[in-house]
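2 protein chains.
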Amino acid sequence: MISEKMKEYVENGSAIRAMFEEGKQMAKEVGEENVYDFSLGNPNVEPPEEVQEAILDIVQTEDPMMLHGYMSNSGYEDVREAIADSINKRFETKLSGKNIVMTVGAAGGLNVILKTLLNPGEEVIVFAPFFGEYRFYVNNYDGVLKIVPPNTETFQPDLETFEKMVTSKTKVVIVNSPNNPTGVVYSEETIKKMAEILRKKQKEYGTDIYLISDEPYRELVYGEIEVPYLTKYYENTIVGYSYSKSLSLPGERIGYLVIPDEAADSEAILDGANVATRILGFVNAPSLQQRVIKRCLDAKCDVSYYNRNREFLYEGLKEAGFSCIKPEGAFYLFVKSPVEEEKVFCEAAKKYHILIVPGSSFACPGYVRIAYCVSYETIQKAMPYFKELAKEFGL
Amino acid sequence: MISEKMKEYVENGSAIRAMFEEGKQMAKEVGEENVYDFSLGNPNVEPPEEVQEAILDIVQTEDPMMLHGYMSNSGYEDVREAIADSINKRFETKLSGKNIVMTVGAAGGLNVILKTLLNPGEEVIVFAPFFGEYRFYVNNYDGVLKIVPPNTETFQPDLETFEKMVTSKTKVVIVNSPNNPTGVVYSEETIKKMAEILRKKQKEYGTDIYLISDEPYRELVYGEIEVPYLTKYYENTIVGYSYSKSLSLPGERIGYLVIPDEAADSEAILDGANVATRILGFVNAPSLQQRVIKRCLDAKCDVSYYNRNREFLYEGLKEAGFSCIKPEGAFYLFVKSPVEEEKVFCEAAKKYHILIVPGSSFACPGYVRIAYCVSYETIQKAMPYFKELAKEFGL
Chain G
111 MISEKMKEYV ENGSAIRAMF EEGKQMAKEV GEENVYDFSL GNPNVEPPEE VQEAILDIVQ
171 TEDPMMLHGY MSNSGYEDVR EAIADSINKR FETKLSGKNI VMTVGAAGGL NVILKTLLNP
231 GEEVIVFAPF FGEYRFYVNN YDGVLKIVPP NTETFQPDLE TFEKMVTSKT KVVIVNSPNN
291 PTGVVYSEET IKKMAEILRK KQKEYGTDIY LISDEPYREL VYGEIEVPYL TKYYENTIVG
351 YSYSKSLSLP GERIGYLVIP DEAADSEAIL DGANVATRIL GFVNAPSLQQ RVIKRCLDAK
411 CDVSYYNRNR EFLYEGLKEA GFSCIKPEGA FYLFVKSPVE EEKVFCEAAK KYHILIVPGS
471 SFACPGYVRI AYCVSYETIQ KAMPYFKELA KEFGL
Chain H
111 MISEKMKEYV ENGSAIRAMF EEGKQMAKEV GEENVYDFSL GNPNVEPPEE VQEAILDIVQ
171 TEDPMMLHGY MSNSGYEDVR EAIADSINKR FETKLSGKNI VMTVGAAGGL NVILKTLLNP
231 GEEVIVFAPF FGEYRFYVNN YDGVLKIVPP NTETFQPDLE TFEKMVTSKT KVVIVNSPNN
291 PTGVVYSEET IKKMAEILRK KQKEYGTDIY LISDEPYREL VYGEIEVPYL TKYYENTIVG
351 YSYSKSLSLP GERIGYLVIP DEAADSEAIL DGANVATRIL GFVNAPSLQQ RVIKRCLDAK
411 CDVSYYNRNR EFLYEGLKEA GFSCIKPEGA FYLFVKSPVE EEKVFCEAAK KYHILIVPGS
471 SFACPGYVRI AYCVSYETIQ KAMPYFKELA KEFGL
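Below, the structure is given as structure tokens:
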């Protein structure tokens, strides 16, 4: 018999992953080209060529024992130094290698930092809509998730409600910008106000509240948008990064945490993250990919590809009568469902072999997430069906 | 402030990892060639050339989007099929791809399966001496670790005591053969008796007790030794495997779990392991390495290298007056400390820049672990110092 908790998880499943599996099944039945799978954030842009070049060169020139061997649990020192330098150059921070902990993707990093910080019963605040996996990550360490309801006007965090929800038990606040599922970038104004509230509350309660900035989508922004680097606005900030989207390497599981010196107890957190990486069974981020990253710090996948998808999909859906705010980053559209029960809408879409994720997976029912990290052709072919759907729901 | 638990962990540290860091520091001071670091199981044999060939070919011929992208959390289906076939061929099992879950090394696999199985308070039995990290893995899921004291005659499990320690709360038994830290291979007789006891106890309590066979050292055996494949002796067996040692890829974090159909509730366990892989933040085993494994199923690092080390070190230490049973597998010698407080002996060894791990890290004080996955020259150069040490302790 499996554990009670896991039984529940298996039964409820992850809507997103369940759909991924469903999509694979559908593809077997009607052919892959006839399934319009907008359900998963699986990049559809090839990794930049620097990645392949790096792998080929590293494997042929670096010492295989070093390349495939153990290193410190926090990662190769030279890789961490190089990442710190690169962040310093881009964001005028003052990091050194020791502030970087290499992780098994952003998901691994979040687990490492939550394991490090949370005592059972301590509270973690998130802003709806949010990446549903946070529920599990917080639950893994017996934290208590507190959800700030969505502000469906702008999808910026509702800071008034947030302020009321911070308590003496609040240990962590997680933000994710550019946001999954909305594509919204939290503005500098939002971040400044949030920092102010956090400082005030820290003082009021005599506690440290850590702001975890989960930013796998940092590089995926469109136009002139700037994504603020949060360590510069609030001392107790920890950044979680991943190369899954920026280099199209989601399967490789490579990312890092930034734990700056300014954060309270930063030494202990760094030591703790090193230990957590080990005892959670990650041991270290995959070694070859660490070495690849060092050589690809300035590489970036072709964002214009996603931008083209974004423009086309956004305009098409608007034309069809759907409503949705235009995303500034990531590769998701968060569209208002034409019926309150958005699952009804998602089910209807399946008739056309369109797979989209209900907003309730992100604690924001009444909306659906459409991931446009697919081929342009997929969107082109799906568009008539979206229009059919719109008609069906009276738009 | 970090969590209370993590604070304790950081303070106590891992003796093994602490020594690894200490060794690096020592190397900076006296030069790497003058440090005899026997503390860590970091393979010193190059990966077989098939690994490099596979990486080069895969990167140049396989679709990069598939190669670096997401797949099912349990891994690529074709890779899992290939592994199942390979195990079937070697051990006459009847596995299919769905019985295999790809993991981030054996450490990742153990965390996944313990997360899947354990309710808080359920008991996990291990046999001293055992890999100290099990303590953390069990604690991560609020399991209760029960340690069967060592049988220092043979270092086979003490099954009489074991039988008395199985209770209605026993959910898991972990065995590790070839064993870290002793190098002992559990005999077929041991396994048969253990299976008998487990069956009897399952019946007595009306429970399922899962035997987890943690076998990263399966391929590292010397002479004609056979390592029994445990699923054939006991239905409720789950195997955890890693390529860290067999292909010298510890930094790459690649391994798998075998969850056979014969295991009670195997479907639920497979589903649970899939979910646990996701929600613990692994998401999936590193994708490129999964594809490499598929092409390297028959490859193996050069075991004769370790054997030469084993023979030389074993004979040398015996000659110096130390006592130790001759290991049949893995790359460790478990040597009786010449003083009861083996930490005193380990400290004395540091004077000669010899790093070895106290047996208390493996719940077996009075012994020390010497990892001989080092260069032959390291052992040659260290031997005179071992002899000095022996004299110092009156051997």
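Chains as they are written, first to last, in the numbering used here: chain G, 111 to 505; chain H, 111 to 505.
From the three backbone atoms N, C-alpha and C, an ideal C-beta is built for every residue, glycine too.
These numbers come from a predicted model, not from an experiment.
Candidates the options: closest to residue i by CA position
i: G/Pro-448; options: G/Leu-499, G/Asn-229, G/Gly-439, G/Ile-403; result: G/Leu-499
i: H/Lys-256; options: H/Thr-213, H/Phe-272, H/Lys-446; result: H/Phe-272
i: G/Glu-160; options: G/Tyr-146, G/Ile-168, G/Tyr-486; result: G/Ile-168
i: H/Lys-302; options: H/Asn-198, H/Asn-144, H/Tyr-339, H/Lys-428; result: H/Tyr-339
i: H/Val-140; options: H/Pro-259, H/Arg-479, H/Tyr-462, H/Ala-128; result: H/Tyr-462
i: H/Ser-356; options: H/Cys-483, H/Val-385, H/Asp-252, H/Thr-264; result: H/Cys-483
i: G/Gly-78; options: G/Tyr-353, G/Glu-429, G/Pro-437; result: Shown here, chain G extends from 111 to 505; a query on residue 78 of chain G therefore has no answer.
i: H/Glu-131; options: H/Asp-268, H/Val-467, H/Ala-409; result: H/Val-467
i: G/Ile-91; options: G/Lys-199, G/Gly-426, G/Ile-284; result: Since the displayed chain G opens at 111 and closes at 505, residue 91 of chain G lies outside it and no answer follows.
i: H/Asn-183; options: H/Phe-432, H/Gln-400, H/Val-331, H/Arg-418; result: H/Gln-400
i: G/Val-254; options: G/Phe-422, G/Val-236, G/Gly-382, G/Met-116; result: G/Val-236
i: H/Ser-485; options: H/Ala-378, H/Met-136, H/Glu-156; result: H/Glu-156
i: G/Ser-278; options: G/Asp-252, G/Pro-288, G/Gln-312, G/Asn-249; result: G/Gln-312
i: H/Ile-307; options: H/Lys-274, H/Val-295, H/Asn-144; result: H/Lys-274
i: H/Tyr-251; options: H/Pro-267, H/Val-295, H/Asn-229; result: H/Asn-229
i: H/Thr-203; options: H/Ala-492, H/Pro-370, H/Glu-118; result: H/Pro-370
i: H/Ser-470; options: H/Val-145, H/Pro-259, H/Gly-431; result: H/Pro-259
i: G/Phe-422; options: G/Pro-475, G/Lys-342, G/Pro-494; result: G/Pro-494
i: G/Pro-158; options: G/Lys-410, G/Glu-372, G/Ile-210; result: G/Lys-410
i: H/Val-385; options: H/Met-212, H/Pro-396, H/Phe-240; result: H/Met-212
i: G/Gly-179; options: G/Arg-418, G/Ser-397, G/Phe-444; result: G/Ser-397
Alpha-carbon to alpha-carbon, residue j and residue i
i: H/Met-190; j: H/Ser-113; result: For the sequence presented, residue 190 of chain H should be read as Arg rather than Met. If you take the alpha carbons of H/Arg-190 and H/Ser-113, they lie about 38 Å apart.
i: H/Gly-350; j: H/Ser-323; result: 6 Å
i: G/Tyr-424; j: G/Ala-481; result: 12 Å
i: H/Ala-164; j: H/Ile-348; result: 29 Å
i: H/Leu-227; j: G/Ile-489; result: 42 Å
i: G/Phe-148; j: G/Glu-452; result: 15 Å
i: H/Ala-473; j: G/Glu-450; result: 59 Å
i: H/Ile-464; j: G/Tyr-244; result: 45 Å
i: H/Asn-154; j: G/Arg-363; result: 25 Å
i: G/Lys-404; j: G/Phe-441; result: 25 Å
i: H/Thr-262; j: H/Val-276; result: 21 Å
i: G/Leu-177; j: H/Leu-359; result: 9 Å
i: H/Tyr-315; j: H/Val-368; result: 26 Å
i: H/Val-282; j: H/Ser-297; result: 20 Å
i: G/Asn-286; j: G/Leu-427; result: 25 Å
i: G/Glu-325; j: H/Met-181; result: 22 Å
i: H/Val-120; j: H/Lys-446; result: 28 Å
i: H/Val-234; j: H/Leu-269; result: 15 Å
i: H/Asn-290; j: H/Phe-246; result: 16 Å
i: H/Leu-321; j: G/Glu-377; result: 39 Å
i: G/Gly-365; j: G/Gly-382; result: 17 Å
i: H/Tyr-416; j: G/Ala-194; result: 39 Å
i: G/Thr-300; j: G/Ile-435; result: 18 Å
i: G/Val-402; j: G/Pro-437; result: 31 Å
i: H/Ser-196; j: H/Leu-407; result: 7 Å
i: H/Gly-333; j: H/Tyr-327; result: 15 Å
i: H/Lys-208; j: H/Gly-185; result: 10 Å
Chain B contact residues for residue i, given Cβ-Cβ distances below 9 Å
i: G/Gln-266; result: Judged by its chain identifiers, the structure shown contains no chain B, and its protein chains are G and H.
Count the CB pairs spanning the region 219-228 of chain H and the region 370-390 of chain H that are closer than 8 Å, and state whether there are at least three.
-> In short, these stretches touch, since the Cβ pair count reaches three.
For the region 192-226 of chain H, enumerate the residues whose C-beta is nearer than 8 Å to any C-beta of chain G, in chain order.
-> Cβ proximity to chain G below 8 Å picks out Val-214, Gly-215, Ala-217, Gly-218, Gly-219, Leu-220, Asn-221, Val-222, Lys-225, Thr-226 from the region 192-226 of chain H.
Can you give me, in chain order, the residues of the region 159-191 of chain H that have a beta carbon less than 8 Å from any beta carbon in chain G?
-> Of all residues in the region 159-191 of chain H, the ones placed with a Cβ closer than 8 Å to any Cβ belonging to chain G are Val-161, Gln-162, Ile-165, Leu-166, Val-169, Gln-170, Pro-174, Met-175, Leu-177, His-178, Gly-179, Tyr-180, Met-181, Ser-182, Asn-183, in chain order.
Uninterrupted alpha helix (DSSP H) stretches inside the region 179-258 of chain H (no shorter than 4 residues) | Runs of the alpha helix (DSSP H) inside the region 179-258 of chain H: 187-201, 215-227, 243-250.
Could you give the uninterrupted runs of the alpha helix (DSSP H) lying entirely in the region 311-347 of chain H, keeping only those of 4 residues or more?
-> Here no run is fully enclosed.
Contact residues within the region 314-327 of chain H, judged by C-beta distance below 7 Å to chain G | Under the 7 Å Cβ criterion, the region 314-327 of chain H contributes Asp-318.
What residues from the region 368-394 of chain G come within 7 Å of chain H, judged by C-beta to C-beta, listed N to C?
-> Cβ contacts with chain H: Asp-375, Ala-378, Ile-379, Asp-381, Gly-382, Val-385, Ala-386, Arg-388, Ile-389, Leu-390, Gly-391, Phe-392, Val-393, Asn-394.
What residues from the region 391-416 of chain G come within 9 Å of chain H, judged by C-beta to C-beta, listed N to C?
-> Cβ proximity to chain H below 9 Å picks out Gly-391, Phe-392, Val-393, Asn-394, Ala-395, Pro-396, Ser-397, Leu-398, Gln-399, Gln-400 from the region 391-416 of chain G.
Secondary structure, alpha helix (DSSP H): runs of 4+ residues fully inside the region 425-476 of chain G = The qualifying runs are 452-460.
Report the residue ranges of all alpha helix (DSSP H) runs contained in full by the region 371-403 of chain H; include only those spanning at least 4 residues, in chain order.
-> The region 371-403 of chain H contains, as complete alpha helix (DSSP H) runs of 4+ residues, the segments 376-389 (chain order).
When you check each C-beta in the region 112-125 of chain G against every C-beta of chain H, which residues fall closer than 8 Å?
-> Cβ contacts with chain H come from Ile-112, Ser-113, Glu-114, Lys-115, Met-116, Lys-117, Tyr-119, Val-120, Gly-123, Ser-124.
Output, in sequence order along the chain, the residues in the region 331-363 of chain H whose CB is closer than 9 Å to any CB in chain G.
-> Of all residues in the region 331-363 of chain H, Ser-354, Leu-357, Ser-358, Leu-359, Pro-360, Gly-361, Glu-362, Arg-363 have a Cβ within less than 9 Å of some Cβ in chain G.
Looking at chain H, which residues of the region 253-281 of chain G have a Cβ within less than 7 Å of any of its Cβ atoms?
-> Per Cβ criterion, the list is empty.
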